[in-house]
Amino acid sequence: TSTIVTALDQGVTEVFAVATLEECAALGRDHGCITAAERDGVAAEGFDLGNSPFGFLDKDFPVRGRTLAISTTNGTKALHRSLDAAAVICGAFLNLSAVVSFIVAQQRDVVVVCAGWKGQFCLEDTAFGGALAARLVPLGYEVAWSDAAIAALHLWEHAQAEWPAYLLESAAVRRLNALEYHDDFVFCMKLDVYPHILPLWQTDRLVNVAK
Numbered sequence: 065t066s067t068i069v070t071a072l073d074q075g076v077t078e079v080f081a082v083a084t085l086e087e088c089a090a091l092g093r094d095h096g097c098i099t100a101a102e103r104d105g106v107a108a109e110g111f112d113l114g115n116s117p118f119g120f121l122d123k124d125f126p127v128r129g130r131t132l133a134i135s136t137t138n139g140t141k142a143l144h145r146s147l148d149a150a151a152v153i154c155g156a157f158l159n160l161s162a163v164v165s166f167i168v169a170q171q172r173d174v175v176v177v178c179a180g181w182k183g184q185f186c187l188e189d190t191a192f193g194g195a196l197a198a199r200l201v202p203l204g205y206e207v208a209w210s211d212a213a214i215a216a217l218h219l220w221e222h223a224q225a226e227w228p229a230y231l232l233e234s235a236a237v238r239r240l241n242a243l244e245y246h247d248d249f250v251f252c253m254k255l256d257v258y259p260h261i262l263p264l265w266q267t268d269r270l271v272n273v274a275k
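For the sequence shown, this note's numbering begins at 65 and goes up steadily by one.
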């Protein structure tokens with residue numbers, strides 16, 4: 065989601081977030097989309113970009129005015145599992161304030177879907193859920209305090225004073241460091257770099273509705 069948020073900030077007009085590499089490649093081939101794909105943390109072969117937000121910050125690869133097709137190991141699959149909801153948005157630490165504003169304005173029940181890693185728990189996604197709850201409670205938003213929500217909030221309360229260093233021993237950081245993607249981790253954990261970006265699912269694609 066951090067990459068999608070960054071892409072929209074850099075002028076990508078809409079994002080086709082697809083579950084499979086085949087769908088992603090077809091959108092590039094048949095519709096001229098920029099293609100970005102990753103499996104197991106590594107950029108997939110044959111696509112324009114991987115899943116690093118820095119690919120969209122590279123001035124030598126202009127993206128403004130283009131459409132993006134993206135497929136990732138975890139995030140795009142979690143997105144597709146959520147499409148029965150009345151509204152589906154993409155949240156990250158980078159656009160946390162935009163997510164909070166949307167939720168408060170909608171006044172609907174909200175389920176936070178943590179993509180995790182191959183179906184497993186991961187610290188950074190759960191901490192995001194806790195950070196979101198910590199923002200919503202003072203605004204009068206009622207949180208259903210399931211064990212998962214309580215754990216997420218407690219995790220964030222414990223982690224935020226030393227954020228993002230708290231995550232240095234996490235599995236995600238170990239994976240990124242092994243792939244020499246440490247800068248990606250540092251960037252994606254920044255708070256509210258893009259408070260004006262909110263990807264909302266419309267029909268079959270994500271568009272920014274927080275302009």
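We put the beta carbon where it would ideally sit given N, CA and C, even for glycine.
Take Ala191, set aside five residues on each side of it, and the residues of its chain with a beta-carbon closer than 6 angstroms to its own are Leu219, Trp220, Ala223, in chain order. With respect to the 8 angstroms criterion, Ile68 and Ile134 are classified as neighbours on the basis of their beta carbons.
Leaving aside the five residues that flank Ala101 on each side, the residues in its chain whose CB is nearer than 6 angstroms to its CB run, in chain order, Leu85, Cys88, Ala108, Phe111, Ser135.
Contact between Val168 and Leu132 is absent: CB atoms are separated by about 28 angstroms, not below the 8 angstroms threshold.
The C-beta distance from Pro117 to Phe251 rounds to 6 angstroms, short enough to fall under 8 angstroms.
The DSSP-derived three-state label of Pro263 is strand. In this structure, DSSP gives Arg103 an extended state, which the three-state scheme calls strand. If you draw a straight line from the Cα of Leu203 to the Cα of Leu240, it is about 35 angstroms long. As for any alpha helix (DSSP H) of minimum length 4 sitting wholly inside the stretch 164 to 250, the runs are 187 to 200, 211 to 223, 235 to 242, ordered along the chain. Counting only runs of 3+ residues, the beta strand (DSSP E) found wholly inside the stretch 65 to 115 occupies 78 to 81, 98 to 103, in chain order. The alpha helix (DSSP H) runs lying completely inside the stretch 113 to 147 and spanning 4 residues or more are 139 to 144, given in chain order. Exposure of Glu233 is indicated by the presence of fewer than 16 other C-beta atoms within 10 angstroms of its C-beta. The criterion of a C-beta distance shorter than 8 angstroms is satisfied by Ala162 and Leu262. In the structure shown, the three-state DSSP call for Leu160 is helix. Taking C-beta separations shorter than 6 angstroms and ignoring five residues to either side along the sequence, Asp122 has no partners in its chain. A residue is called buried when at least 16 other Cβ atoms come within 10 angstroms of its Cβ; Ser210 does not meet this threshold and is exposed.
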